[in-house]
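Visitor:
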Amino acid sequence: MLEHSNSHNVASSTVPAEKDYFQTPFVPVIPFIGMAIDWYTIAQLEVVGLLLLGLYLGTAVALYLMCCVWLPELRPERSHYHEISGQ
Numbered sequence: 016m017l018e019h020s021n022s023h024n025v026a027s028s029t030v031p032a033e034k035d036y037f038q039t040p041f042v043p044v045i046p047f048i049g050m051a052i053d054w055y056t057i058a059q060l061e062v063v064g065l066l067l068l069g070l071y072l073g074t075a076v077a078l079y080l081m082c083c084v085w086l087p088e089l090r091p092e093r094s095h096y097h098e099i100s101g102q
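Numbering (the numbering used here), first residue to last: 16 to 102.
1) Can you find the residues in the same chain that come closer than 8 Å, C-beta to C-beta, to I57, ignoring five residues on each side of it along the sequence?
2) How many Å lie between L78 and L70 at the Cα?
3) Going by DSSP in three states, F37 sits in which element: helix, strand or coil?
4) Note down the Cα distance separating V62 from C83, rounded to an integer number of angstroms.
In structure tokens, the structure reads:
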């Protein structure tokens with residue numbers, strides 16, 4: 016017969032106690048409800064509304080790619096970042 020010793024329990028030594036970290040209440044529930052409401056409202060759009068939404072999102076993605084990926088001279092300078100040396 017196998018014996019189980021609590022002193023060698025790996026799970027109890029690696030999982031922090033509940034008071035050691037912050038838990039956000041209703042985290043899986045509230046985002047899921049928000050996504051369900053978003054999908055419900057998008058499903059209520061007419062074809063013209065869906066086309067305008069697609070045009071808007073496509074324009075936003077194109078502007079982002081143009082300004083931040085394809086044209087590096089338009090990219091804002093990040094002068095407040097400095098390399099950390101000695102590590």
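No residue lacks a Cβ here, since even glycine has one placed at the ideal position from N, Cα and C.
Guide: Result, derived from the coordinates:
1) Numbered from 1 along the sequence shown, position 42 holds the residue referred to as residue 57. Exclusion of the five residues before and after I57 leaves L65 and L68 as the residues of its chain whose Cβ lies within less than 8 Å of its Cβ.
2) Sequence index remark: in the sequence shown, residue 78 carries index 63 (1-based). Sequence index remark: in the sequence shown, residue 70 carries index 55 (1-based). Straight-line Cα distance between these residues: approximately 12 Å.
3) In the sequence shown, the residue the question calls residue 37 occupies position 22. F37: coil per DSSP, three-state reduction.
4) Translated into positions along the sequence shown, residue 62 becomes position 47. Translated into positions along the sequence shown, residue 83 becomes position 68. When rounded, the distance between both Cα atoms is 31 Å.
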